[in-house]
Structures are given as C-alpha cells and as structure tokens.
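Visitor: Residue numbers (the numbering used here), protein chains in the order written: chain H, 1 to 216; chain C, 1001 to 1216.
After the structure tokens below, expect a handful of questions from me.
2 protein chains.
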Amino acid sequence: MANQTPRQRARTETEAEIIRIGNRMLDSGGIDGISLRAIARELGIVSSAVYRYVRSRDELLTILISDAFTSVADAVDRDLVPQRSVFTIGATMLEWSRQYPNRWALIYGTPIPNYQAPREATVVPGTRIMVTLAGLVAELPASPSPSPVPAEALEPLRVGLEELGVSHDDPVIMRTVAVWVAVIGLINALRFGQFGPGFDSVEDELMQGLVTTLTE
Amino acid sequence: MANQTPRQRARTETEAEIIRIGNRMLDSGGIDGISLRAIARELGIVSSAVYRYVRSRDELLTILISDAFTSVADAVDRDLVPQRSVFTIGATMLEWSRQYPNRWALIYGTPIPNYQAPREATVVPGTRIMVTLAGLVAELPASPSPSPVPAEALEPLRVGLEELGVSHDDPVIMRTVAVWVAVIGLINALRFGQFGPGFDSVEDELMQGLVTTLTE
DNA sequence: TGAAAACAAGAGCAGTGCTCACTGTTGTTA
DNA sequence: TAACAACAGTGAGCACTGCTCTTGTTTTCA
C-alpha cells in the first residue's frame, strides 16, 4: 500500500480531486452544475481525458450519492452519542440538510432522470439511519392501539430490515415508517421551499413539534 | 371572444399544442425530456420560432407546474365529495402520483436548478389541498395533549393560512403540518423508490396505516 | 531493453437553450 | 384602398453539454 508507483499515486490523487471538485460543484450549482468538461478544465486537462478516471457522469454521481449517504449517517451516529433520541436524528438530518442542501436533494429528492443508482452503492449507506431509527422507535413506550395496517403491507420492509440484520414487529415498523417519512417530508418541504419563505428561524422548533406529535 | 382573427385562433391552438406536447414529454421523459427544440420539430417549425409562443423553457415549466397543481387539487376535490376524510386526500394524491409520476416529481420533488417559480403562479393552486386538509384536521377529535410547539414556530404558516382566508389554532396547524409532510413524504418515498422495490401492491395499505397512525 | 499498459490530446458527433437579422404574411388604421 | 405596423417563421450562429475515436507520448513491468 505504502510504496505505490508514481503513476498510481497520481491516479489516486486525481480521483480524489475529481470527487472533491464534483462535490463542490454540486454544493454550489446543484446537480446540473456538475459538468465533466468543467472538471476537466479545472484539472487543466482536456475534456476527454477525464474519462480515464470516471467511466461516465453517472458513475461520478453514484460516487457522490454514496458519499452523501455516508456523510449524513455519520453525522447522525456522532450526534447520537450524548443524546439518544428520535428528535436527535431529525435535528441532525435537518442541520445536515442546511449545510448541504444540494447533497440532500441528491439523495432524498427527485431521482436523476435516466439514471439508476446501483443498489449495492446505495442500500447499505442509504439505510443506516432508518435502521437506527427503528431501534429507537422500538424503545418508545408502546403505542396505545395496535398496528392498524395489514401484515402483508409491511412485508417488504420487514424483509428488508431482516436482510440488514434487524427484526421488529409490525407496530414498530409502521411507526418507524411514519416518523421516517414525516421527518424526510418536513426537511424536504423546508429545503425545497414548499411552505414559502419565513421559516429559517423556526426550523428546529418545527422539527421538535413534529417529533413530539409523532412519538407521544 | 367568438370572432377572433384567424391568426389569433392559430396562436391559441399552437399555445395549447405546446402545452400538450410539453406535458406528454414530461410524462414520458421526465423534466429533462422537455426540449423546446423537440417541441418545435414536432410542430413542424424551426427551433427559434417556438420562442414566439413561449418566452423561455422556464416559462413553459411554470405553466406545466401550475397545470399539475391544479390537476391534483381538482382530483382531491372530486374524490372528497362522497367520502370526506383525511385518508381520501392521501389516497387520491397517491393515485394521482401513480398516474403522473413525473408531474408529481415536478411539483413535490426537487426544485429545478436556477429556476424560481413565480409565486403568483404556484401559491394559489399549490396550497389548495393543504387548506382543505387543515379543514379536515380541525374536525378531528381533539388531540389528547396540547400543541407542544412554540407559537412563533407556526407563525409563518398561521399568517399564510390567514392570507388564504382560513384560520386555525396552533394544535390544528401543527397536526396539519405533521399529516401533510408525512403524506407527501410517503408518496415521495414510494415514487422515488427510496424504500426499494416490492411495494407496488401495498401502497394504499401503507397510506391507510400512515393516516390511521397520525389521526387516531 | 522492449512490449504493454496507461495517460493525454484533439477532432468530431449530436444534442441543448437562446439570440439576432432577415423575409413574408396578416391585421389595422388613416 | 393603400400604407404601415405587428406578427410568424427562417436560418445562421454562440456557447455549452456528454461522449467516442484516433493518434501520440509516457510510464511500468517482465
């Protein structure tokens, strides 16, 4: 590992640089701001040469997506250490979305047209938070009424969770789904401006209100 | 109105045709599938001529967005006649999203980069459903505990609703927000494939479970 | 040391939104 | 009815995109 050939070191460095520039372009110009030609220009290289490092624009997007999923999930894990609560998850995701709005849109917004993220690149990093959330929901005081949803409706999720090595009963799964979609939905609404302006200073309070409403 | 000049009739027809083709391209190829050049080709007209009818691609998008908002809201109003319930709203939106996934993404997904929808084009059609929902939530049996969110956090929404001629107290607004973001969040998750495959046959049951969880 | 692999360059294809100068046609008005 | 202005359509062109292919150069490895 340590003694690489100069060429290998250069390649590794260039690959990392491409990802850095890609992330920067994503942050400043959204998904459409990511241009392989512009990256090539910045690298001081002709446009066709960048295809030595990245098979296509879509491949770069896949890397950035995987990157972003890992980044939020890491943030959640970090913040969860002092304070293990559902609200912490929501607040951390909200904060992350504020810091990287375009990365947020990349992973939780509209999928890119004519692009299918390879499952192996997204499943594991993309499900980490939900698995954590399910664990926290399971610790909550039991809901007054039993799950009002037919067992087969939760089948795919139950199976999916078990493939990841976790197992919960249906009321917990249903509640997890409710919290999950509400949290993502709220952050999307805020980030995408669907509530209009004027929410900048009350985002966290809204998240607090939402989580309380959903978990009490 | 009836006796227009031939030129005016032709113009009206062409404008309608552009919107029809635009919607069709949106439905089949997503937002990136909307190309003014392709529309011009289909009209049998040179690409620059289409700018006689549409100021820019963004203007066409604005029309399509407004169109889509009106379409969902109409569907909700229609379905609400026999069965006035929160679930009906969710189920209708879900069904509409299934029928027009790309129009759904256009209005509830990631905003288009470098594009700001003019507020006057989206506010009225875009808020109809939420206003209706608030009305239904207000009729629900009161929540056991009072609103756990500071009054100022709901200020912008309270004001927004009042501008539209509706007025609710904070617990109702908070609950409306919770239901709203959860419903949109669930549909987004389903449409955008964030839960993975295998949910096609259980979408409505999931929506039912979600609404029940949130309104009981 | 010589062959193979990797890197880079440059031209080119097909597509995009949009502008501009230019004709021909239609509608209005003096 | 003749003149003029508004309108519709043309075609060339700009600046940009992703991506491919051929050619030449450099590095690595057997």
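All C-beta atoms, glycine included, are put in the ideal place defined by N, C-alpha and C.
Would you say Met-1001(C) faces chain H, with C-beta separation under 8 Å as the test?
Guide: At Met-1001(C), the pLDDT of 46 sits below 50, so the modelled position is not reliable; the number obtained from the coordinates is stated separately. Not closer than 8 Å to any Cβ of chain H, the Cβ of Met-1001(C) fails to qualify, so no.
Visitor: Given that Thr-212(H) touches chain C, what residues does it touch there, using C-beta distances under 8 Å?
Guide: Here the neighbours are Pro-1148, Val-1149.
Visitor: If we cut at 8 Å on Cβ distances, does Val-177(H) have a partner in chain C?
Guide: Val-177(H) counts as touching chain C.
Visitor: Assign Gln-116(H) to one of two classes, buried (16 or more other C-beta atoms within 10 Å of its C-beta) or exposed (fewer than that).
Guide: Classification of Gln-116(H): exposed, given that the 10 Å Cβ count is below 16.
Visitor: Along chain C, which residues have their Cβ under 7 Å away from the Cβ of Leu-186(H)?
Guide: Going along chain C in sequence order, the residues near Leu-186(H) (Cβ under 7 Å) are Val-1181.
Visitor: Thinking C-beta only, is Asp-1204(C) closer than 8 Å to Ala-1075(C)?
Guide: Contact flag unset, no.
Visitor: Taking only runs of the alpha helix (DSSP H) that begin and end inside the stretch 75-99 of chain H, which ones reach a length of at least 4 residues, in chain order?
Guide: Qualifying alpha helix (DSSP H) stretches, in chain order: 86-99.
Visitor: Give the residues from the stretch 1067-1087 of chain C that approach chain H closer than 8 Å (Cβ to any Cβ), ordered along the chain.
Guide: Those would be none; no residue qualifies.
Visitor: By the criterion of Cβ-Cβ separation under 8 Å, what are the contact partners of Asp-169(H) in chain C?
Guide: Chain C residues near Asp-169(H): none, gap ~14 Å exceeds 8 Å.
Visitor: By the criterion of Cβ-Cβ separation under 7 Å, what are the contact partners of Thr-1110(C) in chain H?
Guide: Neighbours of Thr-1110(C) on chain H, chain order: Ala-105, Gly-109, Thr-110, Phe-192.
Visitor: Cα-Cα, which of Leu-1214(C), Gly-1196(C), Asn-1188(C) is closest to Ser-957(C)?
Guide: Any answer about residue 957(C) is impossible in this case: the structure gives chain C only from 1001 up to 1216.
Visitor: In whole angstroms, what separates the C-alpha of Ser-1167(C) from that of Arg-1119(C)?
Guide: So the alpha carbons of these two residues sit roughly 21 Å apart.
Visitor: Output, in sequence order along the chain, the residues in the stretch 1031-1051 of chain C whose CB is closer than 9 Å to any CB in chain H.
Guide: If the cut-off is 9 Å between Cβ atoms, the stretch 1031-1051 of chain C has Ile-1031, Asp-1032, Gly-1033 near chain H.
Visitor: Can you tell me where the alpha helix (DSSP H) holding Asp-1027(C) begins and where it ends?
Guide: Here the alpha helix (DSSP H) through Asp-1027(C) covers 1006-1029.
Visitor: Please classify Trp-104(H): is it buried, with 16 or more other beta-carbons within 10 angstroms of its beta-carbon, or exposed?
Guide: Trp-104(H) comes out buried.
Visitor: Apart from the five residues on each side of it in sequence, which residues of its chain come closer than 7 Å, Cβ to Cβ, to Ala-138(H)?
Guide: These residues qualify, in order along the chain: His-168, Val-172.
Visitor: Return yes when the C-beta of Gln-1194(C) is under 7 Å from any heavy atom of the ligand PLP, and no when it is not.
Guide: No copy of the ligand PLP appears in this structure; indeed no ligand is present at all.
Visitor: Could you check whether Val-1081(C) and Leu-1133(C) sit closer than 8 Å to each other, using their CB atoms as the reference points?
Guide: Not in contact: Leu-1133(C) and Val-1081(C) (Cβ atoms no closer than 8 Å).
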